[in-house]
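**Q** To start, I am sharing the structure in question, which I have written as structure tokens.
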Amino acid sequence: MIKKFNFLIERTAYVVFVLGVICGALMTTLIFISTLMRYLGGYPLRFSDELAGLLFLSLTFLCLPHVLDKGRHIRIEILMNLVPAPAARIMDAVGTLTLIAFCLIFAIEAWSFMGFSYAINSRTDISSLLLWPWMAIMPFSMLLCLLVQLRHGISQPLSEKNPAEDIH
């Protein structure tokens, strides 16, 4: 049962990551086309700024769970390397508990904000895109981050790569 849970969370985080990457590619394409239209056609796409912002939100929040799962998020390890191993484990646990609290509070607040947006039928100014579906990505992402952390227990996931490999 636990293996199935782990597999499901890992696969879900990966699929959501791929969707985030697709949003990033769409955002880049949209900005490129809008720039071309501005300089070659005289005017950009009307809705490009709004949609690019929403795609950036999607890129950011959809990629978080997979990055957390693979331990590839930003860390400040200088203190962890300076203290003895038992203190480093305590610091890791405090960091994990902080992450859990942050994700939980953020998910609750984002859900409330999304619900309000749904209730008032909030839309973007220029293109009238509904905002609540885009806002739903935030609590979904934070809840998935919570499940990813639950999958790893009280310690933060470690990167499978050597940090020196990133410097090229």
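Counting in the numbering used here, the sequence shown tops out at residue 189, every number present.
A virtual CB, placed ideally from N, CA and C, is assigned to each residue, including glycine.
Computed from a prediction, not measured in an experiment: that's the story for all the values here.
Pairs of beta-carbons, one from the region 37-44 and one from the region 60-74, closer than 8 Å: are there three or more?
**A** Touching, no, given that fewer than three Cβ pairs across the two stretches are closer than 8 Å.
**Q** DSSP has residue 151 in a bridge; who is on the other side?
**A** Position 130 of the sequence shown, counting from 1, holds the residue named residue 151. Answer by DSSP bridge pairing, in chain order: 144.
**Q** With respect to the alpha helix (DSSP H) encompassing residue 68, which residues constitute its N-terminal and C-terminal limits?
**A** In the sequence shown, counting from the first residue as 1, residue 68 sits at position 47. No alpha helix (DSSP H) holds residue 68; DSSP gives it neither H nor E.
**Q** May I have the straight-line CA-CA distance separating residue 23 from residue 90, to the nearest angstrom?
**A** Mapped onto the sequence shown, residue 23 falls at position 2. Mapped onto the sequence shown, residue 90 falls at position 69. So the alpha carbons of these two residues sit roughly 16 Å apart.
**Q** Using the C-alpha atoms, what's the distance from residue 148 back to residue 189?
**A** Position 168 of the sequence shown, counted from the first residue, corresponds to residue 189. Position 127 of the sequence shown, counted from the first residue, corresponds to residue 148. Annotation note: pLDDT 45 at residue 189 (below 50); position unreliable, no value reported.
**Q** Since residue 101 and residue 76 should fall inside the 8 Å C-beta cutoff, what is the C-beta to C-beta distance between them, to a whole number of angstroms?
**A** Numbered from 1 along the sequence shown, position 80 holds the residue referred to as residue 101. Numbered from 1 along the sequence shown, position 55 holds the residue referred to as residue 76. That pair is no contact at about 35 Å.
**Q** Using DSSP with H/G/I as helix, E/B as strand and the rest coil, what is residue 107?
**A** If you number the sequence shown from 1, residue 107 lands on position 86. Three-state DSSP puts residue 107 in a helix.
**Q** Would the beta-carbon of residue 144 fall within 8 Å of that of residue 30?
**A** Working through the sequence shown from its first residue, we reach residue 144 at position 123. Working through the sequence shown from its first residue, we reach residue 30 at position 9. No. Outside cutoff.
**Q** If you draw a straight line from the alpha carbon of residue 59 to that of residue 51, how long is it in whole angstroms?
**A** One-based indexing of the sequence shown puts residue 59 at position 38. One-based indexing of the sequence shown puts residue 51 at position 30. Taking the straight line from one Cα to the other gives about 12 Å.
**Q** Counting only the same chain and skipping the five closest in sequence on each side, list residues whose C-beta sits under 8 Å from that of residue 162.
**A** For the purposes of this step, residue 162 is taken as residue 141 along the sequence shown, with counting starting at 1. Cβ within range, chain order: 37, 82, 83, 85, 86.
**Q** Where does the unbroken alpha helix (DSSP H) through residue 47 begin, and where does it stop?
**A** Sequence index remark: in the sequence shown, residue 47 carries index 26 (1-based). Run containing residue 47: 23-57, per the alpha helix (DSSP H) assignment.
**Q** Leaving out five residues before and five after residue 157 in sequence, what residues of the same chain have Cβ atoms less than 6 Å from its Cβ?
**A** Translated into positions along the sequence shown, residue 157 becomes position 136. Answer for residue 157: 135, listed in chain order.
**Q** Let me confirm a value: residue 151 is counted as buried when at least 16 other C-beta atoms fall within 10 Å, else exposed. Which label applies?
**A** The residue labelled residue 151 in the question sits at position 130 within the sequence shown. Burial call: exposed.
**Q** Between which two residues does the alpha helix (DSSP H) carrying residue 173 extend?
**A** As a working note, residue 173 is residue 152 in the sequence shown. Taken as a continuous stretch (DSSP letters only), the alpha helix (DSSP H) holding residue 173 covers 158-173.
**Q** Measure the alpha-carbon distance for residue 133 versus residue 99 and round it to whole angstroms.
**A** Locating residue 133 in the sequence shown gives position 112, where the first residue counts as 1. Locating residue 99 in the sequence shown gives position 78, where the first residue counts as 1. If you take the alpha carbons of residue 133 and residue 99, they lie about 37 Å apart.
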